[in-house]
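See below for the structure under consideration.
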Amino acid sequence: MSVVVDRVLGLVSMVLIGATFILLSDERAADLKVPVTVAAAGLLAFIFAWYPHHPADGKIGRYVDTRVAVFPGSRLIIRGHDYHALHHLFPRVVHYKLPKLWQEIGPQMTAKGVRTEGRALGATQPITW
0 MSVVVDRVLG LVSMVLIGAT FILLSDERAA DLKVPVTVAA AGLLAFIFAW
50 YPHHPADGKI GRYVDTRVAV FPGSRLIIRG HDYHALHHLF PRVVHYKLPK
100 LWQEIGPQMT AKGVRTEGRA LGATQPITW
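With numbering that gives the first Met the number 0 as the guide, the letters of the sequence shown map in order to residues 0 to 128.
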């Protein structure tokens with residue numbers, strides 16, 4: 000089931016990206032090129048850099064550099080970065096298998112200091128935005 004959902008989400012993402020390029024290639028949409036590019040860059044920076052690592056609080060270590068922060072719709076919106084701590088610890092596990100991995104080892108990871116927020120199994124605090 001997860002593979003099917005992942006493929007559908009991937010297809011939807013490709014359609015949206017394609018539609019954006021088609022829109023921006025139209026001369027009438029020339030005024031939108033810079034704002035859309037800036038917004039897309041900001042969104043990507045938020046999803047891939049800031050959100051999974053915030054708040055780092057200057058802590059450095061295998062279990063405290065990032066977090067597991069799940070909220071309603073997080074799987075669709077941030078595509079696996081809700082279980083980002085597992086990505087750092089087990090980089091060869093594909094993102095659609097991270098929730099199942101968290102169910103298996105989440106309590107041990109939380110005991111070792113992984114920040115667990117929101118609706119994640121064993122969450123110790125609400126999501127810190």
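From the three backbone atoms N, C-alpha and C, an ideal C-beta is built for every residue, glycine too. Note that the structure is a prediction, hence the values are computed from the model and not measured.
Check, Outcome
"Assigned exposure category for Pro90 - 16 Cβ within 10 Å defines buried", "exposed"
"In DSSP terms, what Thr115 is bridged to", "Val67"
"Start-to-end residues for the alpha helix (DSSP H) that takes in Glu26", "Here Glu26 belongs to no alpha helix (DSSP H), and DSSP marks it neither H nor E."
"Short Cβ contact (9 Å threshold) for Val113 with Val63", "yes"
"Asp81 beta carbon less than 9 Å from that of Tyr67", "First, the amino acid is wrong: residue 67 is Val here, not Tyr. A contact, by the Cβ cut-off of 9 Å."
"Straight-line gap, Ile76 to His53 (C-alpha atoms, nearest Å)", "17 Å"
"Top-ranked residue by Cα proximity to Gln124, from Lys32, Leu88 and Val69", "Val69"
"Residue span of the alpha helix (DSSP H) that contains Gly72, given as start and end", "Here Gly72 belongs to no alpha helix (DSSP H), and DSSP marks it neither H nor E."
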